[in-house]
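Asks: Encoded as structure tokens, here's the structure I'll be asking about.
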Amino acid sequence: MKRVLAIASFASCIVLVASQARAVPIVLPRAGQVGFGVQGTYGGLASTGNLGWEFGNGGVLALRLVYRMRYERAIGLSFEEMRLDTRSPSVDSTRAFTAAYPLVPRQTLMVNTEGFQIYQYFGTRTKTPRFVNAGIGLAQVSAKQVDGVIQYPLVPDGYYMSVGAGLERFFYRSWAFDLGTRYMAVLLDGQLNHEVRVAAGLILYAAY
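Note that the sequence shown covers residues 3 to 210 in my numbering.
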């Protein structure tokens, strides 16, 4: 609930900023500029693999860096920590991993991802550029038990691959709303997990 309220507050701030930014000239990004973005992210796991049968949905803030290139392309980095709630806590919840702490139910799963993204933009001379993207990176998982103990690491670090799409809507100089969705395939301990994330936030392209 606290995470939902935090994301809702973040969205309210976005609306407030937009309401104060009307009739201000838009400065679209050029090749060579870097964008710094923050997003509220919400996602969920399919009920398969060694994560999804036990954990479901959750969200957190994410950071995104984007370097605009020629030919409407870009490269970037993303840093996220998803906090996913358990579907139904029970003493059998340790079945997902062969780690320590037996017979203690888990409450929250933390999935940390750091990755490299490539983008192809469309309509970059308009206020609403769209993009498709693909990425690859590292994934680390830990869990919080109901008694507050952190289980880390659960399994060796894995990796993820992702594909997605989104848009940037410029509303004040080089500030833009940053909306997107991604599918992520997360491989951990030899098992494949499927996750979908949606995100909304702000991005600022630094001037030069």
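Even for Gly, the Cβ is constructed at its ideal location relative to N, Cα and C.
Taking the alpha-carbon positions, what's the L111 to G46 distance?
Replies: Mapped onto the sequence shown, residue 111 falls at position 109. Mapped onto the sequence shown, residue 46 falls at position 44. When rounded, the distance between both Cα atoms is 11 Å.
Asks: Just confirm the distance between the C-beta atoms of Y121 and G78, as a whole number of angstroms; I'd bet it's less than 8 Å.
Replies: Residue numbering aside, residue 121 sits at position 119 when the sequence shown is read from its first letter. Residue numbering aside, residue 78 sits at position 76 when the sequence shown is read from its first letter. Going by Cβ atoms, the distance from Y121 to G78 rounds to 7 Å, so yes, they are a contact pair.
Asks: Taking the alpha carbon of G60 as the point to measure from, which residue in R70, N52, G42 has its own alpha carbon closest?
Replies: Your numbering for residue 60 matches position 58 in the sequence shown. Here the closest residue by C-alpha is G42.
Asks: In the DSSP assignment, the beta strand (DSSP E) including G139 goes from what residue to what residue?
Replies: The count along the sequence shown starts at 1 and reaches residue 139 at position 137. Residues 132-147.
Asks: Note the first and the last residue of the continuous alpha helix (DSSP H) segment covering L111.
Replies: Counting from one through the sequence shown, the residue named residue 111 turns up at place 109. No alpha helix (DSSP H) contains L111, which is instead part of the beta strand (DSSP E) from 108-124.
Asks: If I follow the unbroken alpha helix (DSSP H) through G58, where does it start and stop?
Replies: Counted from its first residue, the sequence shown places residue 58 at position 56. G58 -> not in any alpha helix (DSSP H); beta strand (DSSP E) instead, spanning 57-70.
Asks: Output yes or no for whether 8 Å exceeds the beta carbon distance between G117 and S80.
Replies: Position 115 of the sequence shown holds residue 117. Position 78 of the sequence shown holds residue 80. Their beta carbons are under 8 Å apart, which means G117 touches S80 by this criterion.
Asks: Closest to L156 by C-alpha separation, out of P131, D180, S49, V113, would be which residue?
Replies: The residue labelled residue 156 in the question sits at position 154 within the sequence shown. For the residues P131, D180, S49, V113, the minimum Cα distance to L156 belongs to V113.
Asks: Between the alpha carbons of A209 and I28, how many angstroms are there, rounded?
Replies: Taking the first residue of the sequence shown as 1, we reach residue 209 at position 207. Taking the first residue of the sequence shown as 1, we reach residue 28 at position 26. Approximately 12 Å, taken between the alpha carbons.
Asks: Going by other Cβ atoms of all chains shown within 10 Å of its Cβ, with 16 needed for buried, is S1 buried or exposed?
Replies: The structure shown does not extend to residue 1, since the chain spans only 3 to 210, so no value can be given for it.
Asks: From the DSSP output, which residues share a beta bridge with L53?
Replies: Here residue 53 refers to the residue found at position 51 when the sequence shown is read from its first residue. L53 pairs with nothing; no bridge assigned.
Asks: Closest by CA to L190, which one among T130, R171, M163?
Replies: Here residue 190 refers to the residue found at position 188 of the sequence shown. Measuring from the Cα of L190, the nearest candidate turns out to be M163.
Asks: Assuming the contact rule is C-beta atoms closer than 8 Å, N195 and G34 should be a hit. Round their C-beta distance to whole Å, please.
Replies: Position 193 of the sequence shown, counting from 1, holds the residue named residue 195. Position 32 of the sequence shown, counting from 1, holds the residue named residue 34. With a Cβ gap of about 37 Å, N195 and G34 do not count as contacting.
Asks: Hey, how far is the Cα of L30 from the Cα of Q147?
Replies: Here residue 30 refers to the residue found at position 28 of the sequence shown. Here residue 147 refers to the residue found at position 145 of the sequence shown. L30 and Q147: Cα-Cα distance of roughly 47 Å.
Asks: From which residue to which residue does the beta strand (DSSP E) around S164 run?
Replies: In the sequence shown, residue 164 corresponds to position 162, counting from 1. That run of the beta strand (DSSP E) goes 160-174.
Asks: Residues in the same chain with beta-carbon distance under 6 Å from L181, minus the five sequence neighbours each way, listed in chain order, please.
Replies: Counting from 1 along the sequence shown, the entry for residue 181 is found at position 179. Excluding sequence neighbours, L181 sits near G168, L169, A202.
Asks: What residue from W55, G54, R75, L63 has the CA that sits closest to E82's CA?
Replies: Counting from one through the sequence shown, the residue named residue 82 turns up at place 80. Checked all of W55, G54, R75, L63; the closest Cα to E82 is L63.
Asks: For M186, does the count of other Cβ atoms within 10 angstroms reach 16, so buried, or fall short, so exposed?
Replies: Taking the first residue of the sequence shown as 1, we reach residue 186 at position 184. Under this definition M186 is a buried residue.
Asks: From F133, A76, R85, pick the residue whose C-alpha is nearest to that of Y44; which is it?
Replies: The count along the sequence shown starts at 1 and reaches residue 44 at position 42. Of F133, A76, R85, the residue nearest in Cα terms is R85.
Asks: Does the beta-carbon of V188 have 16 or more other beta-carbons within 10 angstroms, so that it is buried, or is it exposed?
Replies: The residue given as residue 188 occupies position 186 in the sequence shown. Flag for V188 reads buried.
Asks: Here's the rule I'm using: 16 or more other beta-carbon atoms within 10 Å means buried, otherwise exposed. How should Y207 be labelled?
Replies: Looking up residue 207 in the sequence shown gives position 205. Y207 is buried by the Cβ-count criterion.
Asks: What three-state label does DSSP hand Y73 in the structure shown?
Replies: Taking the sequence shown and counting its residues from 1, the one referred to as residue 73 is at position 71. It is coil, neither helix nor strand.
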